[in-house]
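Undergrad: These protein sequence lines map, in sequence, to chains A and B.
With my numbering as the guide, the letters of the first sequence map in order to residues 16 to 124.
With my numbering as the guide, the letters of the second sequence map in order to residues 1074 to 1188.
Think of the CB as a built atom: it goes at the ideal place given N, C-alpha and C, for glycine as much as any other residue.
Nothing here was measured: the structure is a model prediction, and the numbers come from that model.
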Amino acid sequence: KNEVEQSPQNLTAQEGEFITINCSYSVGISALHWLQQHPGGGIVSLFMLSSGKKKHGRLIATINIQEKHSSLHITASHPRDSAVYICAVIGWNTDKLIFGTGTRLQVFP
Amino acid sequence: GAVVSQHPSWVICKSGTSVKIECRSLDFQATTMFWYRQFPKQSLMLMATSNEGSKATYEQGVEKDKFLINHASLTLSTLTVTSAHPEDSSFYICSARVLIGETQYFGPGTRLLVL
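#1: Scan the region 46 to 70 of chain A for residues whose Cβ lies nearer than 8 Å to a Cβ of chain B and list them as they occur along the chain.
#2: Report the rounded CA-to-CA distance for serine 1168 of chain B versus valine 1187 of chain B, giving the unit in angstroms.
#3: Tell me, to the nearest whole angstrom, how far the beta carbon of alanine 1121 of chain B is from that of valine 1135 of chain B; I am working on the premise that it is less than 8 Å.
#4: In chain order, which beta strand (DSSP E) runs of at least 3 residues are fully inside the region 1152 to 1188 of chain B?
#5: Strictly by DSSP, which residues pair up with lysine 68 of chain A?
#6: Does the beta carbon of phenylalanine 1164 of chain B come closer than 8 Å to any beta carbon on chain A?
#7: Taking a cut of 8 Å between CB atoms, which residues from the region 111 to 124 of chain A lie near chain B?
#8: In angstroms with no decimal places, state the Cα-to-Cα distance between glycine 1089 of chain B and tyrosine 100 of chain A.
#9: Rounded to whole angstroms, what is the Cα-Cα separation between glycine 43 of chain A and lysine 1128 of chain B?
#10: Taking C-beta pairs closer than 8 Å, name the residues in chain A that serine 1116 of chain B reaches, listed in chain order.
#11: Would a C-beta distance cut-off of 8 Å place threonine 118 of chain A and glutamine 52 of chain A closer than the cut-off?
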């Protein structure tokens, strides 16, 4: 079993829909990252959070440390949001990222 | 936001040649840089961690003589794939970080194809 699990693996949506991607992890962490990887391969760091909730534009990330769970929400989705979204955690005793397998999102017009 | 560049963005080379990939932090000083490798439709795999002025720390199974990493300054790290073979063909991504506990900023990646 992976230390970081994401669901769903694949997600399709119509433009305008509200999207949720989930991430569960099994290790103690100091922080959790949400990353976005576009088809060209480049990776953008969307959020780094260790508690609570963060919002940036149409993106919202939440984390529940007790339940070892985080969610990434996209409001009013748009085709340009189509990408792979990756959850990655930093364990307590390491500064290395442990990656989830990613969620491939396609938003259709 | 912080910007990390990689050069080249893609490279095609013949088997047996060496290829150098540069990773630069453009607007901040990166104490630590990470090198990752990614196969199609798979997650990133950490190859090594490099701290400025120190030898890189390689992950288990990564050949240090094959993948030479140099982090000579706070804004530049290089990965040299020596005597490249077709199985080295992959997408290589670097990331940079100022301090432990802070965000990692990722480069755009370098696609290597070894013929």
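TA: On the basis of the data shown:
#1: Within the region 46 to 70 of chain A, the residues whose Cβ lies closer than 8 Å to any Cβ of chain B are, in chain order, Ala46, His48, Leu50, Gly55, Gly56, Gly57, Ile58, Val59, Ser60 and Met63.
#2: Start at 1 with the first residue of the second sequence, and residue 1168 of chain B comes out as number 95. Start at 1 with the first residue of the second sequence, and residue 1187 of chain B comes out as number 114. So the two alpha carbons sit approximately 23 Å from each other.
#3: In the second sequence, the residue the question calls residue 1121 of chain B occupies position 48. In the second sequence, the residue the question calls residue 1135 of chain B occupies position 62. Going by Cβ atoms, the distance from alanine 1121 of chain B to valine 1135 of chain B rounds to 6 Å, so yes, they are a contact pair.
#4: 1163 to 1170 and 1183 to 1187
#5: Position 53 of the first sequence holds residue 68 of chain A. Lysine 68 of chain A is bridged to A/Thr77.
#6: Here residue 1164 of chain B corresponds to residue number 91 of the second sequence, with the count starting at 1. Closer than 8 Å to some Cβ of chain A, the Cβ of phenylalanine 1164 of chain B qualifies, so yes.
#7: Per Cβ criterion, the list reads Lys111, Leu112, Phe114, Gly115, Thr116 and Gly117.
#8: Counting from one through the second sequence, the residue named residue 1089 of chain B turns up at place 16. Counting from one through the first sequence, the residue named residue 100 of chain A turns up at place 85. Answer to the nearest angstrom: the Cα atoms are 36 Å apart.
#9: Locating residue 43 of chain A in the first sequence gives position 28, where the first residue counts as 1. Locating residue 1128 of chain B in the second sequence gives position 55, where the first residue counts as 1. Going from the Cα of glycine 43 of chain A to the Cα of lysine 1128 of chain B covers about 28 Å.
#10: On the second sequence, residue 1116 of chain B is found 43 positions in, with the first residue counted as 1. Residues of chain A passing the Cβ test: Ile101, Phe114, Gly115, Thr116 and Gly117.
#11: The count along the first sequence starts at 1 and reaches residue 118 of chain A at position 103. The count along the first sequence starts at 1 and reaches residue 52 of chain A at position 37. Not in contact: threonine 118 of chain A and glutamine 52 of chain A (Cβ atoms no closer than 8 Å).
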